[in-house]
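One gets my numbering by counting positions in the sequence shown from 1 and adding 5 to each.
Following: one structure in structure tokens, then a few remarks.
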Amino acid sequence: MMQFPKIIQGGMGVGVSNWRLANAVSKLGQLGVVSGTALDQLFVRRLADGDQGGAMRRGLDAFPFPDMAKRIWQEYFVPGGKPADAPYPVAPMHQRRDIRKVVELCIVSNFVEVFLAREGHKNPVGINFLEKVQMPHLSSIYGAMLAGVGYVLMGAGIPLHIPGVLDAFAAQHPSEYKLSVTGAEQGQDTQMLFDPADYAEGPLPILHRPRFLAIVSSNTLATTMLRRASGRVDGFVIETPIAGGHNAPPRGKLQLNEAGEPIYGDRDRVNMADFRMLGVPFWLAGGYGSPEMVREALDEGAAGVQVGTAFAFTEESGLRSDLKNSLLAQAVAGTGDVFTDPLASPTGFPFKVAQLQGSYSDAEVAQTRTRVCDLGYLREPYAAGEGKIGYRCAAEPVANYVAKGGKAEDTVGRKCLCNALMANIGHQQIRKSGEVEPPLVTVGDDLNTIAMFLAPGRDSYSAAEVVESLLSMTAENAAYEPAVVEERVWAATA
Ligand SMILES: Cc1cc2nc3c(=O)[nH]c(=O)nc-3n(C[C@H](O)[C@H](O)[C@H](O)COP(=O)(O)O)c2cc1C
6 MMQFPKIIQG GMGVGVSNWR LANAVSKLGQ LGVVSGTALD QLFVRRLADG
56 DQGGAMRRGL DAFPFPDMAK RIWQEYFVPG GKPADAPYPV APMHQRRDIR
106 KVVELCIVSN FVEVFLAREG HKNPVGINFL EKVQMPHLSS IYGAMLAGVG
156 YVLMGAGIPL HIPGVLDAFA AQHPSEYKLS VTGAEQGQDT QMLFDPADYA
206 EGPLPILHRP RFLAIVSSNT LATTMLRRAS GRVDGFVIET PIAGGHNAPP
256 RGKLQLNEAG EPIYGDRDRV NMADFRMLGV PFWLAGGYGS PEMVREALDE
306 GAAGVQVGTA FAFTEESGLR SDLKNSLLAQ AVAGTGDVFT DPLASPTGFP
356 FKVAQLQGSY SDAEVAQTRT RVCDLGYLRE PYAAGEGKIG YRCAAEPVAN
406 YVAKGGKAED TVGRKCLCNA LMANIGHQQI RKSGEVEPPL VTVGDDLNTI
456 AMFLAPGRDS YSAAEVVESL LSMTAENAAY EPAVVEERVW AATA
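Next up, the structure:
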């Protein structure tokens with residue numbers, strides 16, 4: 006019988022679920038998941054900050070291609086760290102055919118994050134990617150597999166072709182991934198390619214095929230994945246619209262409530278009975294960060310839960326401590342307020358935003374920030390004529406977006422998540438003008454419930470405390486009888 010974790014600590018980008026958090030969770034026998042999003046730029050910033058604590062160096066020393074590791078160290082490491090008021094260096098933005106330096110950064114940074122999350126224990130570690138952020142996929146997945154990643158989890162799009170990529174890399178083959186290009190001409194070449202042999206310094210290492218979990222929000226999407234994916238789908242995370250991060254848009258025509266948030270209805274609910282019939286393990290996510298909800302999920306036949314918000318505020322997470330403390334204080338007071346913003350994310354997906362004065366959720370801060378696009382993970386590839394591909398982001402300067410064929414109205418309310426999410430974890434860019442990029446924290450609607458993890462007299466809590474609390478009403482602790490459906494659910498994959 007296959008072993009599955011009861012708790013998946015959800016991937017939280019950028020760098021909120023970092024190697025430290027994932028390590029702590031996996032060490033406890035649950036599944037720690039690092040975020041793979043924008044790891045290349047994050048790696049550059051950690052090196053520019055002088056690699057405090059030396060973890061990046063440790064990871065680089067374990068990297069199987071030492072010349073590549075050396076090139077990156079030499080280019081980006083700043084002994085003692087850059088001056089606090091100096092801008093961070095920025096690696097070139099991704100495109101369909103990345104230049105070698107960018108590919109190498111992706112391989113190395115994904116390797117290091119997974120390597121560090123696996124240090125000191127033998128349990129699996131997962132990595133999370135957003136399907137929509139396609140350009141770094143192949144090199145990132147390869148880097149994570151080089152470090153022996155146990156699970157790849159992906160949502161925010163339909164990751165039909167990822168299972169085949171995992172199979173190809175495990176067989177030491179090159180792999181392709183079709184880039185979605187708006188308005189692509191008939192027959193236009195939009196494939197991305199990655200051949201491990203182009204990067205290996207010696208014989209190709211033997212790699213294991215990680216398990217693949219698709220993050221979905223409907224029965225239809227799960228069925229499509231099982232029918233049409235390019236390889237094995239090992240399970241699903243079913244995410245409800247109250248989860249932190251990006252949410253799937255509601256079905257049908259978008260309707261907003263009085264506050265301006267998308268309205269979700271019955272059609273957005275997953276039918277559990279139908280889901281169980283798929284015979285594939287699943288985890289429930291979005292508001293499942295409490296012992297009662299874990300128990301409820303198990304009783305529904307789930308293998309367990311995926312939890313984000315509760316882990317985002319642990320001592321181990323990458324979230325900036327001032328942001329952690331302010332929002333924890335709000336949770337304790339019961340005043341935490343989360344807005345499901347239909348516009349903020351350039352992806353077009355609703356995005357949950359914690360309301361926090363002085364952050365980018367503040368209308369005044371949003372208005373005064375100078376638009377700039379220099380990280381570009383959410384850029385939309387579009388057909389630019391003569392077989393060329395252009396890249397645009399609805400949060401970039403409006404004139405640039407419009408010059409690239411984008412509609413001015415689509416830029417309204419958009420926020421630069423790339424820079425904001427870097428700021429959330431203490432790597433805020435400082436512009437030559439002195440302007441500092443503001444943070445924009447995403448959390449689930451259940452923000453206020455995290456107060457339950459604070460022991461009396463304490464103002465912080467650890468990942469171990471969350472795991473212990475979440476399992477407190479299951480077999481590991483109380484007299485929990487596993488539901489009969491558990492057997493049936495496993496049958497198809499065991
Ligand atoms: C700070 C934060 C960042 C997140 N980033 C991602 C992400 O990069 N990719 C992803 O698939 N899910 C992301 N999520 C969703 C979580 O992985 C998880 O599914 C969700 O938080 C579960 O719901 P909960 O917040 O109610 O616990 C994020 C959630 C949070 C709170």
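For glycine and all other residues, C-beta sits at the position ideal for the given N, C-alpha and C.
Just so it is clear, the structure is predicted and the values come from calculations on it, not from any experiment.
Beta-carbon separation (whole angstroms), residue i vs residue j, contact threshold 8 Å
| i | j | result |
| --- | --- | --- |
| R101 | M197 | 6 Å |
| L380 | N424 | 6 Å |
| L332 | L452 | 7 Å |
| L422 | L459 | Contact flag wrong, Cβ pair sits at about 29 Å. |
| L110 | F48 | 6 Å |
| S438 | E320 | Actually they are not in contact, since the Cβ atoms of S438 and E320 sit about 35 Å apart, beyond 8 Å. |
| D450 | I247 | 4 Å |
| K137 | G169 | With a Cβ gap of about 18 Å, K137 and G169 do not count as contacting. |
| V448 | G249 | 5 Å |
| L52 | F82 | 5 Å |
| A227 | L184 | With a Cβ gap of about 24 Å, A227 and L184 do not count as contacting. |
| G292 | T245 | 6 Å |
| N115 | G16 | Contact doesn't hold; Cβ gap of about 13 Å is too wide. |
| D56 | R62 | 6 Å |
| H142 | S235 | Rounded, the Cβ-Cβ distance is 13 Å, inconsistent with contact. |
Proximity test, Cβ basis, 8 Å: residue i and chain C
| i | result |
| --- | --- |
| T345 | In the displayed structure, chain C is absent; only one protein chain is listed. |
Top-ranked residue by Cα proximity to residue i, from the options
| i | options | result |
| --- | --- | --- |
| F174 | E190, I112, S185 | I112 |
| F287 | Q311, G418, R374, A400 | Q311 |
| P347 | V358, V238, G64 | V358 |
| F120 | N28, Q191, F344 | N28 |
| Y387 | Q362, V472, G410, T416 | G410 |
| A290 | D239, L259, D327, I243 | I243 |
| P97 | Y147, D45, K127, R123 | D45 |
| T187 | M457, A389, E470, T416 | A389 |
| Y93 | E442, D464, L459 | E442 |
| G18 | A428, G418, D450 | A428 |
| V117 | H142, G339, A67, D90 | A67 |
| P179 | G162, S322, A202 | A202 |
| A400 | K420, E385, K393, T340 | K420 |
| P351 | L361, L231, P84, R376 | R376 |
| D279 | F318, R50, S223, H213 | S223 |
| F344 | A264, V417, R374 | A264 |
| K87 | H432, S235, E266, L231 | H432 |
| E266 | G240, F199, P355, V337 | P355 |
| D239 | V337, Y182, L218 | L218 |
| G192 | G125, A253, K393, V403 | K393 |
| Y204 | I104, P164, A371, S235 | I104 |
| T416 | T454, Q372, M457 | Q372 |
| R25 | A60, T42, A43, R50 | A60 |
| C378 | P402, V370, E369, E391 | P402 |
Beta-carbon contacts of residue i that lie in its chain and below 6 Å, excluding the five residues immediately before and after
| i | result |
| --- | --- |
| G160 | I220 |
| Q14 | V30, G37, V38, F316 |
| V108 | S144 |
| F9 | P286, A308 |
| E190 | A388 |
| D194 | none |
| Q35 | P10, I12, V472 |
| V21 | A317, S322, G323, L324 |
| N23 | G323 |
| Q335 | G341 |
Own chain, CB closer than 7 Å to residue i, minus 5 neighbours either side, in chain order
| i | result |
| --- | --- |
| T479 | K11, V299, R300, L303, Y485 |
| P215 | M150, V154, G155, Y156, V157, L171 |
| P296 | S474, L475, S477, M478 |
| I268 | P255, Q260, L261, N262 |
| Y147 | I112, F174, F199, P201 |
| W314 | This sequence places Thr at residue 314; Trp is not what is there. Excluding positions up to five away in sequence, the list reads G249, G294, V448, G449, D451, L452, I455. |
| P129 | S31, L36, G155, Y156 |
| S465 | E320 |
Strand pairing of residue i, partner residues [DSSP]
| i | result |
| --- | --- |
| Y387 | T187, G395 |
| W288 | V242, G309 |
| T345 | K357 |
| E181 | L198 |
| N133 | S40, L158 |
| P267 | L261 |
| Q8 | In the DSSP output, where bridge partners are listed per residue, Q8 has none listed. |
| R76 | According to DSSP, R76 bridges with nothing at all. |
| A219 | M159, F241 |
| I435 | V441 |
| Q14 | V312 |
Residues of its chain near residue i, where Cβ-Cβ distance is below 8 Å and the 5 sequence neighbours each way are ignored
| i | result |
| --- | --- |
| V446 | L324, L328, L332, V358, A359, L361, S364, S366, N429 |
| F397 | Note on residue identity: the sequence assigns Arg, not Phe, to residue 397. Excluding positions up to five away in sequence, the list reads R384, E385, Y387, N405, Y406, K409, G410, G411. |
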